[in-house]
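Shown next, in structure tokens, is the structure this report addresses.
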Amino acid sequence: MKHQSRPRVKHLHYKKSGLIPDQDDYNVRIPTYDRAKLVAPNSSFSPSPYCPIPDMPFSPQYWDIILPDPIYDKNDNFIVPGSHEWFSYMHNLSKIHIANNRKAETTQLTIDQKAKARDKRLQELATNSGTTSKHMNNRWCVVDNLTTYNNTYNCIMTVHRILLYVKHQHENHKLPDEYLTSDDTKEVKMRPLK
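One point on numbering: in UniProt numbering, the residue at position 194 of the sequence shown is 194, and numbering is uninterrupted.
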């Protein structure tokens, strides 16, 4: 069987890569692209020389919240700095900014109050422990270690002590009949003012 070469399909290849094909260049129908979808929506004003600060006087509360980037509304229309829309946008942004600042301050106050309460509680515990708050953890570790050591020693030595007590009781030690006090002690007891 002879090897037959097949004809190449040329009508599916684009003439230039990276370009959208034109129907006039081909003998068969090719998919067309909707050019309206490929074009980005136009804004009503192009902010090429954009300056975020308007040329008119405005409230000083907006100075620290002016955005460096162009501002667009919900319909992707550019909002010109100094226009009515810009002032309403900045007013709403100012409200949000103030609310966020209050929330941050409240959170910081809560954190500070909790830290002060914790420090006060630690200081009271340190005072009750007889030390300072700096050395309190070390002091508690020493107390815990000594307590553990004493409890362990007590558990181990109790067995030996019981044997010693039993041995002592069986010996029946009796005190001698003689008095163990000397004559000098008797004289001191006789004269209590001396």
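Glycine residues also receive a C-beta, built at the ideal position from the N, C-alpha and C atoms.
| Query | Result |
| --- | --- |
| Neighbourhood of residue 50 by C-beta, 7 Å cutoff - its chain only, sequence neighbours within 5 removed | 70 |
| Element boundaries [alpha helix (DSSP H), containing residue 100] | 84-129 |
| Which of helix, strand or coil DSSP assigns to residue 149 | helix |
| Residue 111 beta carbon less than 9 Å from that of residue 81 | no |
| Residue nearest to residue 64 in terms of C-alpha spacing, selected from 55, 121, 94, 151 | 94 |
| Assumed close pair residue 121, residue 129 - CB separation to whole angstroms, cut-off 8 Å | So it is not a contact: roughly 13 Å between Cβ atoms. |
| Residue 55 versus 152, 86, 142, 99, residue with shortest Cα-Cα distance | 86 |
| Exposed unless 16 or more other CB atoms sit within 10 angstroms - verdict on residue 90 | buried |
| Identity of the residue in 62, 151, 72 nearest residue 97 by Cα | 62 |
| Cα-Cα separation, residue 73 to residue 104 | 28 Å |
| Through-space distance from residue 143 to residue 153, alpha-carbon basis | 15 Å |
| Cβ shell of residue 67 (< 7 Å), same chain only, five flanking positions each side left out | 52 |
| Inter-residue spacing [alpha-carbon to alpha-carbon] between residue 136 and residue 126 | 6 Å |
| Span separating the alpha-carbon of residue 106 from that of residue 148 | 45 Å |
| Option in 100, 25, 83 with minimal Cα separation from residue 58 | 83 |
| Helix, strand or coil at residue 72 [DSSP, three-state] | strand |
| Assigned secondary structure, residue 257 (DSSP; H/G/I helix, E/B strand, else coil) | Residue numbering for the chain in the displayed model covers 1 to 194; residue 257 lies beyond these limits and cannot be assessed. |
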